[in-house]
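Everything on this sheet refers to the single structure shown next.
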Amino acid sequence: MKLENKIAVVTGVSRGIGLAAVHALLEQGAKVAGWGRTNPDVQHEHFEFVECDVRRADSVQMAYKHTVEHFGGHISVLINNAGLGRSATLEDQDLEEWHLMFDTNVHGLFYCTRLVVPGMKEMGEGHIINISSIAGTTGIEQMSAYCATKHAVRGISHSLYKEVRDYGVKVTCIYPGSVQTNFFDNIDSVTVNDNMMRPEDIASTIVHCLESHANYHHVDIEVRPLMPKGRKQV
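234 is the number that the UniProt record's numbering gives the last residue of the sequence shown; the numbers go up by one with no jumps.
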């Protein structure tokens with residue numbers, strides 16, 4: 001897909017992968033709507049911040065309406081990036097945090113995706129990119145709730161791509177390992193460090209997928225830091 005003048009939506013845009021994706025898309029000439037609760041410092045004529053809480057279907061509906069009216073057309077790209085994680089054993093998992101993770105990581109993705117699919121099918125073109133995690137392919141101790149949400153993202157992605165592929169619409173699920181973002185702010189056992197991947201690395205992968213040939217479909221992409229504990233000494 002040629003991204004120039006295409007309408008793209010990125011959720012969770014205040015920082016991290018979402019913000020990096022916004023900058024990468026703008027560099028390719030896309031018109032970008034950033035859906036989120038905090039307005040990022042992005043000054044660009046083709047960027048529109050739309051206040052949105054993806055946990056609420058009505059908020060997503062209003063964001064969608066504003067976006068198509070502001071840019072005047074169907075959305076060609078949706079990057080479901082909004083997400084969060086909390087650490088706890090299953091037996092100690094706080095109920096409110098359990099629901100917070102599912103409302104954000106799973107229900108939010110559903111609310112956003114269901115609105116853009118009809119327009120993409122009508123155009124015969126579109127690309128939905130879901131940011132899952134390594135936690136979406138394996139279990140992680142003291143992260144059972146988060147893993148459950150990211151496994152759900154994987155399941156949704158695999159089912160949806162089979163539903164829309166014959167309409168010319170792509171669905172890609174990306175599974176990053178550790179990235180230098182605020183995700184770890186609430187996880188005491190992990191400290192952000194330079195051995196993690198950079199948000200702009202994930203953004204470059206996103207752009208690569210979006211710009212691929214119309215009949216070339218990235219279904220699953222797993223990315224990890226090469227040396228997560230630093231370079232070994234010989």
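Glycine residues also receive a C-beta, built at the ideal position from the N, C-alpha and C atoms.
1. To the nearest angstrom, how far is it from the Cα of Leu3 to the Cα of Lys170?
2. Residues in the same chain with beta-carbon distance under 7 Å from Ala135, minus the five sequence neighbours each way, listed in chain order, please.
3. Considering only the beta carbon of each residue, do Ala203 and Ala82 sit closer than 8 Å?
4. Leaving out the 5 sequence neighbours to the left and right, which residues in its chain are closer than 6 Å to Gly34 when beta-carbon positions are compared?
5. Assess, as a yes-or-no matter, whether the segment 205–212 is touched by the segment 154–164 under the definition of 3 or more beta carbon pairs within less than 8 Å.
6. Can you give the Cα-Cα distance for Val223 and Cys173, rounded to whole angstroms?
7. Which runs of the beta strand (DSSP E) spanning at least 3 residues fall entirely within the segment 27–72, listed in chain order?
8. Judging by CA-CA distance, which residue of Ser178, Arg154, Ile79 and Arg15 is the nearest neighbour of Met227?
9. Near Tyr167, what residues of its chain come up, given a Cβ to Cβ distance below 6 Å and the 5 sequence neighbours on each side ignored?
10. Look up Ala8 in the DSSP assignment and say whether it is helix, strand or coil.
11. Within a Cβ cutoff of 7 Å, which residues of the same chain sit near Thr104, ignoring the five residues on either side of it in sequence?
12. Looking at the structure shown, is Thr172 part of a helix, part of a strand, or coil, going by DSSP?
On the basis of the data shown:
1. Looking up residue 3 in the sequence shown gives position 3. Looking up residue 170 in the sequence shown gives position 170. Distance between the alpha carbons of Leu3 and Lys170 is about 14 Å.
2. Translated into the one-based positions of the sequence shown, residue 135 becomes position 135. Excluding positions up to five away in sequence, the list reads Met143, Tyr146, Cys147 and Lys150.
3. The residue labelled residue 203 in the question sits at position 203 within the sequence shown. The residue labelled residue 82 in the question sits at position 82 within the sequence shown. Not a contact, by the Cβ cut-off of 8 Å.
4. For this step, residue 34 is matched to residue 34 along the sequence shown. Excluding positions up to five away in sequence, the list reads Val10, Val13, Val22 and Phe49.
5. no
6. By one-based count along the sequence shown, residue 223 stands at place 223. By one-based count along the sequence shown, residue 173 stands at place 173. Roughly 11 Å between the two C-alpha positions.
7. 31–36 and 47–51
8. As a first step, residue 227 must be located in the sequence shown, where it is residue number 227. Nearest C-alpha to Met227: Ser178.
9. On the sequence shown, residue 167 is found 167 positions in, with the first residue counted as 1. Hits under 6 Å: Lys121.
10. The count along the sequence shown starts at 1 and reaches residue 8 at position 8. In the structure shown, Ala8 sits in a strand (DSSP, three-state: E or B).
11. Here residue 104 corresponds to residue number 104 of the sequence shown, with the count starting at 1. These residues qualify, in order along the chain: Val54, Arg55, Ala82, Gly83 and Leu84.
12. Residue numbering aside, residue 172 sits at position 172 when the sequence shown is read from its first letter. Strand.
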